[in-house]
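Asker: First, the structure itself, so that you have it in front of you.
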Amino acid sequence: MKTISNIKIQEDLARVFKGRIRLNESLAEHTYIKIGGPVDLFLNPEDIADLRAAIEFLNKADIPWVIIGKGSNLLVSDQVLPIAAIELNNDFFQQISKRDNIVYAAAGVSLARFVNFNKSQGLAGSEFLAGIPGSIGGAVFMNAGARDLYSGSLEKICSIADITVKVQVMDKQGNLRIINKKDIKFSYRSCGLDEQIILAAWFELKPGVEQKIDLDIQVFLNNKIKTQELCLPNAGCIFKNPAATKVSAGALIDQASLKGLAIGDAAISFIHANFIVNKGNASFAQVKSLIVKIQETVKNKYSICLEPEVKIWDREGLE
Ligand code: EPU
Numbered sequence: 001m002k003t004i005s006n007i008k009i010q011e012d013l014a015r016v017f018k019g020r021i022r023l024n025e026s027l028a029e030h031t032y033i034k035i036g037g038p039v040d041l042f043l044n045p046e047d048i049a050d051l052r053a054a055i056e057f058l059n060k061a062d063i064p065w066v067i068i069g070k071g072s073n074l075l076v077s078d079q080v081l082p083i084a085a086i087e088l089n090n091d092f093f094q095q096i097s098k099r100d101n102i103v104y105a106a107a108g109v110s111l112a113r114f115v116n117f118n119k120s121q122g123l124a125g126s127e128f129l130a131g132i133p134g135s136i137g138g139a140v141f142m143n144a145g146a147r148d149l150y151s152g153s154l155e156k157i158c159s160i161a162d163i164t165v166k167v168q169v170m171d172k173q174g175n176l177r178i179i180n181k182k183d184i185k186f187s188y189r190s191c192g193l194d195e196q197i198i199l200a201a202w203f204e205l206k207p208g209v210e211q212k213i214d215l216d217i218q219v220f221l222n223n224k225i226k227t228q229e230l231c232l233p234n235a236g237c238i239f240k241n242p243a244a245t246k247v248s249a250g251a252l253i254d255q256a257s258l259k260g261l262a263i264g265d266a267a268i269s270f271i272h273a274n275f276i277v278n279k280g281n282a283s284f285a286q287v288k289s290l291i292v293k294i295q296e297t298v299k300n301k302y303s304i305c306l307e308p309e310v311k312i313w314d315r316e317g318l319e
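In terms of the numbering used here, the sequence shown has 9 at position 9, counting the first letter as 1, and numbering is strictly consecutive.
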C-alpha cells in the first residue's frame, strides 16, 4: 500500500472536494472499542455530489477507501493504514423526515435519533432498535437487530430489514440507485450490498401511541442495561450466533468458562461473554489473540466454529 503523505495529492483533492479533510486521523477516536491507528485521509463529504467527487478522485489516484459509520461494530488495526476513511455525518447525511407512515432517514442519522423521531411522530415498529449503537447506514449494512422481546420466543429476531422499504445506494464508481426491499438479499447481520455505499433508506412504520411506544423502548433499553456491557469500550457482539445450534455464541463462550479471560487489556466481559472489552490500553493484536483463543476453545469443546460478526480492518485487508 502506498502512503498518501504526498502534498500534491492533498492539494489536488482539496480542489475537487468541498468537505472537511483530516490527515493522520486516529480511528481509535471513531470506534466504540477505542482501538485503531491513523488513516492517511479522513473525509466528511458535504453531500452526495461531494461524496462522488471524493471517490472518483480516490479511485483515479488508486487510493483505497472505506466508509466508516459510528464504528460500533468495528475492530481496526493500530498500525498506520494508508487509506482514506469517509464518514457520512454532515448535515446532508443527518436528514430525517416522514410522509404518512414512511420515514426517510439518511445514512448518518443515529439509531437513537431514528427511534426517538419515530416515537415523537407516533410511529411504532422501530422500538427494537433502541440501545443499539450505530447509524442508519451501518444498521442497514449489517441488518442490525435484536431478539424479539414480545413474541414470547426469544428465537425470533427483529431486524431492520423488517421495516425497510427501499434503500438509496451509490456504487464504487459513483452511480446512484434506489433498490427496493424485494431486490435486497437481507440475511442475519447482512444486507448483501457489500459493494455499495448506503446513503439513505425509507422505512414503513405503523401508527402507535407515543406513551406505549415509549414503554416498549424502555423494555428494550432495560434488557440491554441488564444483559450487556455498557461501561467499558467494546465492539458489540464479537461473533455471530452460530446457525448450527440454537445455543448463542455468548452462551457457548460462557459455558466454556471463558468469562474474564484477558490478554493484556483485552478481556472477555463478565456481563456478556460475546463482548470483548477494552480495559484501558488494549491493542488490536490483543483483541485478535483473544478472538482466536475463543474460537479454538469453543471448537475444541463443542466442535462449533464461531464466525466474527465485527468488521476487521487491517493492512492485510478491509472486510
Ligand atoms: N447468555 C449466557 N451467557 C452470556 C451471554 C448470554 O448464558 O454471557 C445466554 C443468555 O442468558 C440467553 C442467550 O445466551 O439465554 C442469548 O443471549 P442474549 O439474549 O444476550 O442474546 P445474544 O444472542 O447473545 C443477540 C444479538 C445482540 C442483541 C441481543 C439482544 C447476536 C450475535 N447478538 O445477542 O446484538 O443486542 O441479541 O437482542 O446476534 C450485536 O450484534 O452486536 C449485538 C449486541
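C-beta atoms are modelled at their ideal positions from N, C-alpha and C, and glycine is treated no differently. The model shown is predicted, which means the values in this text are computed figures rather than measured ones.
With respect to 7 Å, is the separation between the Cβ of D254 and the closest non-hydrogen atom of the ligand FMN below this value?
Answerer: In the structure shown, the ligand FMN is absent; the only ligands present are the ligand EPU.
Asker: If you run the structure through DSSP and keep just helix, strand and coil, what is D100?
Answerer: Within the sequence shown, residue 100 is the residue found at index 100, counting from 1. Coil, per DSSP.
Asker: Please classify G131: is it buried, with 16 or more other beta-carbons within 10 angstroms of its beta-carbon, or exposed?
Answerer: Reading the sequence shown from its first residue, position 131 is the one you call residue 131. That one is buried.
Asker: When burial is assigned at 16 or more other CB atoms within 10 Å of the CB, is M1 buried or exposed?
Answerer: On the sequence shown, position 1 is the one that residue 1 refers to. Because the pLDDT at M1 is just 46, under 50, the model does not fix this residue reliably, and the point stays unresolved.
Asker: Please report how far the alpha carbon of R147 lies from the alpha carbon of D91, in whole angstroms.
Answerer: Start at 1 with the first residue of the sequence shown, and residue 147 comes out as number 147. Start at 1 with the first residue of the sequence shown, and residue 91 comes out as number 91. Computed Cα separation, rounded: 32 Å.
Asker: Classify V76 as helix, strand or coil using the three-state DSSP reduction.
Answerer: Within the sequence shown, numbered from 1, the residue matching residue 76 stands at position 76. It is a strand residue.
Asker: At a cut-off of 7 Å, is N274 close to the ligand EPU when judged by its beta-carbon and the heavy atoms of the ligand?
Answerer: Taking the first residue of the sequence shown as position 1, residue 274 is located at position 274. Result yes, Cβ under 7 Å from the ligand EPU.
Asker: Considering only residues of the stretch 182–231, which uninterrupted beta strand (DSSP E) runs meet the minimum length of 3 residues and lie entirely inside it, listed in chain order?
Answerer: Listed in chain order, they are 196–204.
Asker: Just tell me which of S187, G174, F203, D171 has its CA closest to the CA of N180.
Answerer: Your numbering for residue 180 matches position 180 in the sequence shown. Measuring from the Cα of N180, the nearest candidate turns out to be F203.
Asker: Is the number of C-beta pairs between the stretch 205–216 and the stretch 232–251 that are closer than 8 Å three or more?
Answerer: The answer is no - the stretch 232–251 does not touch the stretch 205–216, with fewer than three Cβ pairs under 8 Å.
Asker: Do three or more CB pairs link the stretch 32–44 to the stretch 71–91 at distances below 8 Å?
Answerer: Touching, per the Cβ criterion.
Asker: Report the rounded CA-to-CA distance for S257 versus V247, giving the unit in angstroms.
Answerer: Taking the first residue of the sequence shown as position 1, residue 257 is located at position 257. Taking the first residue of the sequence shown as position 1, residue 247 is located at position 247. Roughly 15 Å separates the two Cα atoms.
Asker: Below 8 Å, can you find three or more Cβ-Cβ pairs linking the stretch 95–102 to the stretch 167–178?
Answerer: No, the stretch 95–102 is not in contact with the stretch 167–178.
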